[in-house]
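Chains R and W are the protein sequences, given in the same order. Anchor point for the first sequence: position 92 equals 92 in full-length UniProt numbering, and the numbering is continuous, going up by one each time. Anchor point for the second sequence: position 80 equals 80 in full-length UniProt numbering, and the numbering is continuous, going up by one each time. Below is one structure; the comments refer to it alone.
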Amino acid sequence: MTSTTADDGTAEADTDTDAETDETDTLTLVEAVRDALYTELSLDERVMILGEDVGENGGVFRATAELVDEFSAERVVDTPLAESGIVGTGIGLALSGLRPVAELQFMGFSYPAFDQLVSHAARLRSRSHGQYSVPMVIRMPYGGGIRAPEHHSESKEAFFVHEPGLKVAVPSSPADAKGLLIAAIRDPDPVVFLEPKLIYRAFREDVPTAAYEVPLGEASVRREGADVTVYTWGAMIQPTLIAADNVAGEAGIDVEVVDLRTLSPLDTETIVESFERTGRAVIAHEAPKTAGVGAEIAATIQEEALLYQEAPIRRVTGYDVPMPLHELEEYYLPQAIRIEEAIRETVSF
Amino acid sequence: MSTQNDAEQYGHSATTYGDDKPIRILDTDGTVLPDAEVPDLSADELVSMYEDIKLARRFDQRAISLQRQGRIATYAPMTGQEGAQVATSYALDDQDWLFPTYREHAAKYVHGMELESLLKPLCGHRDGYAIPDGVPIMPEYIPIATQIPQATGMAWGNRLQGNPERAALCHFGDGATSEGDFHEGLNFAGVFDVPVVFVCNNNQWAISVPRDHQTASETIAQKAAAYGIEGIRVDGLDPLAMYSVTSAALQKAKNPAEDDRRPTLIESVQYRYGAHTTADDPSAYRDEDEANAWREKDPLDRLQNYLTATDILDDELEAEIDDRIESRLTDAVETVENATTDPDSMFDHVYAELPDRLRNQRDRLRALREKYGDDAFSEVLE
Ligand SMILES: Cc1ncc(C[n+]2csc(CCOP(=O)(O)OP(=O)(O)O)c2C)c(N)n1
Ligand SMILES: [Mg+2]
Numbered sequence: 001m002t003s004t005t006a007d008d009g010t011a012e013a014d015t016d017t018d019a020e021t022d023e024t025d026t027l028t029l030v031e032a033v034r035d036a037l038y039t040e041l042s043l044d045e046r047v048m049i050l051g052e053d054v055g056e057n058g059g060v061f062r063a064t065a066e067l068v069d070e071f072s073a074e075r076v077v078d079t080p081l082a083e084s085g086i087v088g089t090g091i092g093l094a095l096s097g098l099r100p101v102a103e104l105q106f107m108g109f110s111y112p113a114f115d116q117l118v119s120h121a122a123r124l125r126s127r128s129h130g131q132y133s134v135p136m137v138i139r140m141p142y143g144g145g146i147r148a149p150e151h152h153s154e155s156k157e158a159f160f161v162h163e164p165g166l167k168v169a170v171p172s173s174p175a176d177a178k179g180l181l182i183a184a185i186r187d188p189d190p191v192v193f194l195e196p197k198l199i200y201r202a203f204r205e206d207v208p209t210a211a212y213e214v215p216l217g218e219a220s221v222r223r224e225g226a227d228v229t230v231y232t233w234g235a236m237i238q239p240t241l242i243a244a245d246n247v248a249g250e251a252g253i254d255v256e257v258v259d260l261r262t263l264s265p266l267d268t269e270t271i272v273e274s275f276e277r278t279g280r281a282v283i284a285h286e287a288p289k290t291a292g293v294g295a296e297i298a299a300t301i302q303e304e305a306l307l308y309q310e311a312p313i314r315r316v317t318g319y320d321v322p323m324p325l326h327e328l329e330e331y332y333l334p335q336a337i338r339i340e341e342a343i344r345e346t347v348s349f
Numbered sequence: 001m002s003t004q005n006d007a008e009q010y011g012h013s014a015t016t017y018g019d020d021k022p023i024r025i026l027d028t029d030g031t032v033l034p035d036a037e038v039p040d041l042s043a044d045e046l047v048s049m050y051e052d053i054k055l056a057r058r059f060d061q062r063a064i065s066l067q068r069q070g071r072i073a074t075y076a077p078m079t080g081q082e083g084a085q086v087a088t089s090y091a092l093d094d095q096d097w098l099f100p101t102y103r104e105h106a107a108k109y110v111h112g113m114e115l116e117s118l119l120k121p122l123c124g125h126r127d128g129y130a131i132p133d134g135v136p137i138m139p140e141y142i143p144i145a146t147q148i149p150q151a152t153g154m155a156w157g158n159r160l161q162g163n164p165e166r167a168a169l170c171h172f173g174d175g176a177t178s179e180g181d182f183h184e185g186l187n188f189a190g191v192f193d194v195p196v197v198f199v200c201n202n203n204q205w206a207i208s209v210p211r212d213h214q215t216a217s218e219t220i221a222q223k224a225a226a227y228g229i230e231g232i233r234v235d236g237l238d239p240l241a242m243y244s245v246t247s248a249a250l251q252k253a254k255n256p257a258e259d260d261r262r263p264t265l266i267e268s269v270q271y272r273y274g275a276h277t278t279a280d281d282p283s284a285y286r287d288e289d290e291a292n293a294w295r296e297k298d299p300l301d302r303l304q305n306y307l308t309a310t311d312i313l314d315d316e317l318e319a320e321i322d323d324r325i326e327s328r329l330t331d332a333v334e335t336v337e338n339a340t341t342d343p344d345s346m347f348d349h350v351y352a353e354l355p356d357r358l359r360n361q362r363d364r365l366r367a368l369r370e371k372y373g374d375d376a377f378s379e380v381l382e
């Protein structure tokens, strides 16, 4: 993890960073998100947060807890209840020279903002031939497994990945959450930052106290293995790692796990490099199967590494149905058992 | 949100439409205000309304405690708002359409849904959304304000098909008025002059955001003027005022006078006594004194005082009502807790006909369950 300096506003940061590189805090993923926001609000006075209930309430998941007290109600803004308003004014704020970080309360409530996101945030740079750009971040919790009401559990990352001009990042660990979010805030283009709420508080890990970036567009190998690669992201890393351990024990299958971390732009190099070593791929995601990001990964492998392929590429995904209410979500989500089955099928092909 | 000087703040007549003062019939102690006209409801109807409000309150307490015990998932309480919910549904004709949010449990129940169906989605069963055949209620709307243009469309469709006497009543909160769908729904309603009644349950809060931060408009009712339709403020903790105003608005929607537009925006001025949902902690953003001031005007107490003073309600009847309520709640909870859902059912009703691709997915899940057993599926989600 390298610490980089963003544009002018953060120039001072580097000294601090270098002085304290060894210090860490033990944080959950959602605390690491807050830490990234705190860090960037401190270092860059252009950064501001806007969203529903992000102020005094500190966000419904506490991702902005106490930030309004630390900074001000002008920089941590409770908006009216209007997602198109949040993203639309966010675009204007970004065009004016600020660095807005918008929180949409759940991915399932991002759709009123879709027009602003895809028609404008994503395209102002190309429409204006680089004259205008929209350096903003749109954070949203996503994914299932928390027994939430309807519309609170879906994974629709493909909507955003499909839109040229948007970047899409998904952390799966506290350290990545902080580094990716800082990179997203410093990025000159709009970044949709998806937060896997199932693992918001699932575990803690050491997170550097200083500012640092995890570069957008770089996947990470979370587990090395020789027989088959499982490509996944977000909360599905956990069942995948369990599945990998289980098949290692029972069947002696050596699984590599690639955490995509950024879904747009995809890290083709890491995807292909891993596949060239294992020759087998399983892709796991919570989103529905049809036209999910898994399809893009599978097609990329076919295009780039066909001659290395030893078995059909398998996808373990949500089904092509509306996300069910919580009584059935354990059947809908890719559980370890389903990932293991796919691994075994792929290896025994 | 101020509660000082009630007499100044509330109008006394159910007919002063267009006035900024919320209309009130029952004073906070349950006495009828001078000049106010008590709606034409029989003693039985009044008792039944009272029983439904009381049931709603007990339902709320029960649901909150079930949630605390982990027996149901996130629940949106309605205490303080149930008087308005029950009263607006009493104003509906059987054939009128109801568009509820996640908070209108009592409004749905009164218009014809079973108690069990209110609890089932909270237990994760999708069939709880299923409405009894012929009962014109939409499943609850969670994405804020999205129901508003749809209610307009329903009412428009009824009118286009020669049935303007079938109105739609659409609930939403104060926060919802900030969404684009609020504007679009009310604008269409005015332009096409459709038989719809919009009920904004202004409970002063949208989660942690107070009403005065939601809009710079002084009232929500005044927004109606921009769409060329009527806006009325009502004391939403006065069930009789809510009933009168909603009935009149529905009447106008169905049979407008020559110069009237059919749609009305009713701002029901009320308060969310409790948390936004069981996942919310209001102490993070509001002062309990404020909630306590509103509790002084409680709809259940007011109606109880009125009915006792008019000799409609006595201890014996009250005890009967309590017994009925408790046994219905107990039965409903038991039924729901014994409910099960077949994993196959998530593939049902996605389309009128199950596509092959989906059938294959369903069959693969079946095969896996047979091979490994259902326990294997609960591993990761604890
Ligand atoms: C489009 C959308 N954005 C955000 C949310 C999350 N959310 C659920 S309820 C709520 C507040 C709603 O306030 P209000 O309209 O006043 O209704 P109330 O809950 O007070 O009854 C919010 C922001 C949502 N459900 N839908
Ligand atoms: Mg509200």
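Note that beta-carbon positions come from the ideal geometry of N, C-alpha and C, so glycine has one too. Just so we're clear, the structure is a prediction, and the values are computed from it rather than from any experiment.
List, in chain order, every chain W residue whose beta-carbon is nearer than 8 Å to that of histidine 162 of chain R. Translated into the one-based positions of the first sequence, residue 162 of chain R becomes position 162. By Cβ distance, chain W contributes nothing, its closest Cβ being about 20 Å from histidine 162 of chain R, past 8 Å.
Can you round the beta-carbon distance between valine 347 of chain R and aspartate 227 of chain R to whole angstroms, since I take them to be within the 8 Å contact cut?
Counting from 1 along the first sequence, the entry for residue 347 of chain R is found at position 347. Counting from 1 along the first sequence, the entry for residue 227 of chain R is found at position 227. With a Cβ gap of about 6 Å, valine 347 of chain R and aspartate 227 of chain R count as contacting.
Do you know whose CA, among W:Leu160, W:Asn338, W:Arg357, W:His213, lies nearest histidine 125 of chain W's CA? The residue labelled residue 125 of chain W in the question sits at position 125 within the second sequence. Nearest C-alpha to histidine 125 of chain W: W:Asn338.
task = Return the residues of the segment 81–93 of chain R that lie within a Cβ-Cβ distance of less than 9 Å from chain W, sorted by chain order.
result = Leu81, Ala82, Glu83, Ser84, Gly85: these are the residues of the segment 81–93 of chain R whose beta carbon lies less than 9 Å from some beta carbon of chain W, given in chain order.
**Asked** Of all the residues that make up the segment 273–301 of chain W, which are near chain R by a beta-carbon distance shorter than 7 Å?
**Response** Within the segment 273–301 of chain W, the residues whose Cβ lies closer than 7 Å to some Cβ of chain R are Ala284, Tyr285, listed in chain order.
| field | Delimiting residues of the alpha helix (DSSP H) encompassing leucine 43 of chain R | value | For this step, residue 43 of chain R is matched to residue 43 along the first sequence. Start and end: 29–43.
- Query: So, using beta-carbon positions, are arginine 222 of chain R and valine 257 of chain R closer together than 7 Å?
  - Reply: Sequence index remark: in the first sequence, residue 222 of chain R carries index 222 (1-based). Sequence index remark: in the first sequence, residue 257 of chain R carries index 257 (1-based). Closer than 7 Å, so yes.
Environment of ligand 2 in chain order, Cβ to heavy atom below 7 Å = Contact residues of ligand 2 (beta-carbon closer than 7 Å to any heavy atom; chain order) are W:Gly173, W:Asp174, W:Gly175, W:Asn201, W:Asn202, W:Asn203, W:Gln204, W:Trp205, W:Ala206, W:Arg272.
- Task: Return the chain-ordered ranges of every alpha helix (DSSP H) run that is complete within the segment 264–299 of chain W and spans a minimum of 4 residues.
- Result: Listed in chain order, they are 288–295.
_Can you find the residues in the same chain that come closer than 8 Å, C-beta to C-beta, to serine 84 of chain R, ignoring five residues on each side of it along the sequence?_
As a position in the first sequence, residue 84 of chain R is number 84, starting the count at 1. Excluding residues within five positions, the ones whose Cβ falls inside 8 Å are Pro112, Ala113, Asp115, Gln116.
query: For ligand 1, any of its heavy atoms closer than 6 Å to the Cβ of arginine 62 of chain R?
result: As a first step, residue 62 of chain R must be located in the first sequence, where it is residue number 62. No.
Q: Return yes when at least one heavy atom of ligand 1 lies under 6 Å from the C-beta of leucine 142 of chain W, else no.
A: As a working mapping, residue 142 of chain W is identified with position 142 in the second sequence. One detail in the question is off: residue 142 of chain W reads as isoleucine in this sequence, not leucine. True, at least one ligand heavy atom lies under 6 Å from that Cβ.
inquiry  = I need the DSSP call for tyrosine 132 of chain R, collapsed to helix, strand or coil.
reply    = As a first step, residue 132 of chain R is located in the first sequence; it is residue number 132 there, counting from the start. The answer is coil: DSSP assigns tyrosine 132 of chain R none of H, G, I, E or B.
Is it buried or exposed, arginine 261 of chain R, if we count other Cβ atoms within 10 angstroms and call 16 or more buried? Position 261 of the first sequence, counting from 1, holds the residue named residue 261 of chain R. So arginine 261 of chain R counts as buried.
Tell me whether serine 208 of chain W sits in a helix, a strand or coil according to DSSP, three-state version.
Locating residue 208 of chain W in the second sequence gives position 208, where the first residue counts as 1. Coil at serine 208 of chain W, not helix or strand.
Does the distance between the C-beta of glutamate 56 of chain R and the nearest non-hydrogen atom of ligand 1 fall short of 6 Å?
Taking the first residue of the first sequence as 1, we reach residue 56 of chain R at position 56. No.
Using a Cβ-Cβ cut-off of less than 8 Å, list which residues of the segment 202–236 of chain W approach chain R; keep chain order. When CB distances to chain R are screened at a threshold of 8 Å, the residues of the segment 202–236 of chain W falling below it are Ala206, Ile207, Ser208, Val209, His213, Gln214, Thr215, in chain order.
- Item | Closer than 7 Å to chain W by CB, arginine 147 of chain R | Translated into the one-based positions of the first sequence, residue 147 of chain R becomes position 147. The beta carbon of arginine 147 of chain R sits closer than 7 Å to some beta carbon of chain W.
Cut-off 7 Å between Cβ atoms - residues of its own chain near alanine 291 of chain R, not counting five sequence neighbours on either side | Sequence index remark: in the first sequence, residue 291 of chain R carries index 291 (1-based). Contacts found: Ala158.
Exercise for review: Rank R:Glu286, R:Thr270, R:Pro135, R:Val192 by C-alpha distance to the C-alpha of isoleucine 237 of chain R and give the top, closest one.
Suggested key: Sequence index remark: in the first sequence, residue 237 of chain R carries index 237 (1-based). Nearest C-alpha to isoleucine 237 of chain R: R:Glu286.
Which complete alpha helix (DSSP H) runs does the segment 38–115 of chain W hold, if anything under 4 residues is left out? Listed in chain order, the complete alpha helix (DSSP H) runs (minimum 4 residues) inside the segment 38–115 of chain W are 43–68, 82–91, 105–111.
3 or more residues per run - each beta strand (DSSP E) lying fully within the segment 41–81 of chain R: Considered as a whole, the segment 41–81 of chain R harbours 47–51, 76–78 as its complete beta strand (DSSP E) runs of no fewer than 3 residues, in chain order.
At a cut-off of 6 Å, is arginine 103 of chain W close to ligand 1 when judged by its beta-carbon and the heavy atoms of the ligand? Taking the second sequence and counting its residues from 1, the one referred to as residue 103 of chain W is at position 103. Result yes, Cβ under 6 Å from ligand 1.
| said: Does the CB of threonine 341 of chain W have a neighbour CB from chain R at under 7 Å? | reply: Here residue 341 of chain W corresponds to residue number 341 of the second sequence, with the count starting at 1. With 7 Å as the cut-off, threonine 341 of chain W counts as an interface residue toward chain R.
Tyrosine 75 of chain W burial status per 10 Å Cβ neighbour count (16 or more: buried): By 1-based counting over the second sequence, the position of residue 75 of chain W is 75. Under a 10 Å Cβ-count criterion, tyrosine 75 of chain W is classified as buried, with 16 or more other Cβ atoms of the shown protein chains found around its own Cβ.
Looking only at C-alpha atoms, which of R:Val30, R:Asp35, R:Thr28, R:Val77 sits nearest to alanine 210 of chain R?
Reading the first sequence from its first residue, position 210 is the one you call residue 210 of chain R. Measuring C-alpha to C-alpha distances from alanine 210 of chain R to each of R:Val30, R:Asp35, R:Thr28, R:Val77 identifies R:Asp35 as the nearest.
Q | For tyrosine 231 of chain R, three-class secondary structure by DSSP | A | Position 231 of the first sequence holds residue 231 of chain R. The three-state secondary structure of tyrosine 231 of chain R, taken from DSSP, is strand.
> How about the segment 135–153 of chain R and the segment 98–113 of chain R: do they share at least three Cβ pairs that are nearer than 8 Å?
Replying inline: Yes, they touch.
Check your understanding: Is glutamine 105 of chain R near ligand 1, with its Cβ less than 6 Å from a heavy atom?
Key -> Walking along the first sequence from the start, residue 105 of chain R turns up at place 105. Closer than 6 Å to some heavy atom of ligand 1: that describes the Cβ of glutamine 105 of chain R.
Check your understanding: Quick one: Cα of valine 32 of chain W to Cα of valine 86 of chain W, how far?
Key -> Indexing the second sequence from 1 puts residue 32 of chain W at position 32. Indexing the second sequence from 1 puts residue 86 of chain W at position 86. The alpha-carbon atoms of valine 32 of chain W and valine 86 of chain W are separated by roughly 19 Å.
- Query: Roughly how many whole angstroms lie between the Cα atoms of alanine 168 of chain W and phenylalanine 377 of chain W?
  - Reply: Residue numbering aside, residue 168 of chain W sits at position 168 when the second sequence is read from its first letter. Residue numbering aside, residue 377 of chain W sits at position 377 when the second sequence is read from its first letter. When rounded, the distance between both Cα atoms is 43 Å.
Let me check understanding here. Comparing Cα to Cα, which of W:Val110, W:Met346, W:Gln222, W:Ala352 lies closest to aspartate 363 of chain W? Sequence index remark: in the second sequence, residue 363 of chain W carries index 363 (1-based). Residue W:Met346 is the option with its Cα nearest to aspartate 363 of chain W.
Q. Around the Cβ of glutamine 361 of chain W, are there at least 16 other Cβ atoms within 10 angstroms (buried) or fewer (exposed)?
A. On the second sequence, position 361 is the one that residue 361 of chain W refers to. Buried: at least 16 other Cβ atoms inside 10 Å.
Margin query: Along the segment 104–125 of chain W, where does the CB come closer than 7 Å to a CB of chain R? Name the residues.
Written below: Taking 7 Å as the Cβ-Cβ cut-off against chain R, the residues of the segment 104–125 of chain W that qualify are Pro121, Cys123, Gly124, His125.
Contact residues within the segment 324–346 of chain R, judged by C-beta distance below 8 Å to chain W: Those residues of the segment 324–346 of chain R that come within reach of chain W (Cβ to Cβ, closer than 8 Å) are Pro324, Leu325, His326, Glu327, Leu328, Glu329, Glu330, Tyr331, Tyr332, Leu333, Gln335, Ala336, Ile337, Arg338, Glu341.
Contact set for tyrosine 331 of chain R: own chain, Cβ-Cβ below 8 Å, skip 5 residues either direction:
Taking the first residue of the first sequence as position 1, residue 331 of chain R is located at position 331. Pro324.
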